[in-house]
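The letter at position 28 of the sequence shown is residue 28 when you use UniProt numbering, and the numbering goes up by one with no holes.
From the three backbone atoms N, C-alpha and C, an ideal C-beta is built for every residue, glycine too.
Data first, discussion second: the structure below is written as structure tokens.
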Amino acid sequence: MVDNHEGHWSLPGGKVELNENLIEAAVREVYEETGLEVEIGDILAVNEAKFIKRNHHAIFFTFEAKVTGGKEGIKNAQEILKIEWVDIEQASQRLPYYTEGIKKLMKGNALYNNQGTIY
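Okay, structure coming up:
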């Protein structure tokens, strides 16, 4: 997980860039935020939320990933404060945008979750 300067933990991720697909974006974002190279597997979940304070509508695609190389480290200190490997319990507590918990996601029975409006 990564701790960004917005004050919350999340899985590595970000926006899809022009001419990039979801898999390419996931690989790039993991590398940019952690220094790790990954192979992307199956899609685990799709979460959707509207963030009122940021006037933002987001759709989160969560993929299974396997580390294949690279060297763990913060590549952009202005974006990422800390990188930390955590167990499933800690991950479930830290994911602010996934109220159902990561355990359900890991079991593969949480493919879509509309989280509504977040104030």
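Looking only at its chain, what residues have a beta carbon closer than 6 Å to the beta carbon of Ala-25, apart from the 5 residues adjacent to it on each side?
For this step, residue 25 is matched to residue 25 along the sequence shown. For Ala-25, same chain residues with a beta-carbon under 6 Å away, outside a window of 5 residues either side, are Val-16 in chain order.
How about Val-2 and Thr-34: are their beta carbons less than 8 Å apart?
Taking the first residue of the sequence shown as position 1, residue 2 is located at position 2. Taking the first residue of the sequence shown as position 1, residue 34 is located at position 34. Yes, the pair counts as a contact, with Cβ atoms nearer than the cut-off.
Leaving out the 5 sequence neighbours to the left and right, which residues in its chain are closer than 8 Å to Glu-20 when beta-carbon positions are compared?
For the purposes of this step, residue 20 is taken as residue 20 along the sequence shown, with counting starting at 1. Taken in chain order, the residues that qualify are Arg-28.
Quick one: does Glu-33 have its CB under 8 Å from some CB of chain B?
Of the protein chains in this structure there is only one, and it is not chain B.
Glu-32 and residue 121 - do their beta-carbons sit closer together than 8 Å?
Here the chain has residues from 1 to 119 only, and residue 121 is not among them.
So, at 6 Å on beta carbons, what are the nonlocal neighbours of Lys-71 in its own chain, with the 5 sequence-adjacent residues on each side left out?
Residue numbering aside, residue 71 sits at position 71 when the sequence shown is read from its first letter. Excluding residues within five positions, the ones whose Cβ falls inside 6 Å are Gly-35.
Return the CA-CA distance between Arg-54 and Glu-37, expressed in angstroms with no decimal places.
Counting from one through the sequence shown, the residue named residue 54 turns up at place 54. Counting from one through the sequence shown, the residue named residue 37 turns up at place 37. Distance between the alpha carbons of Arg-54 and Glu-37: 31 Å.
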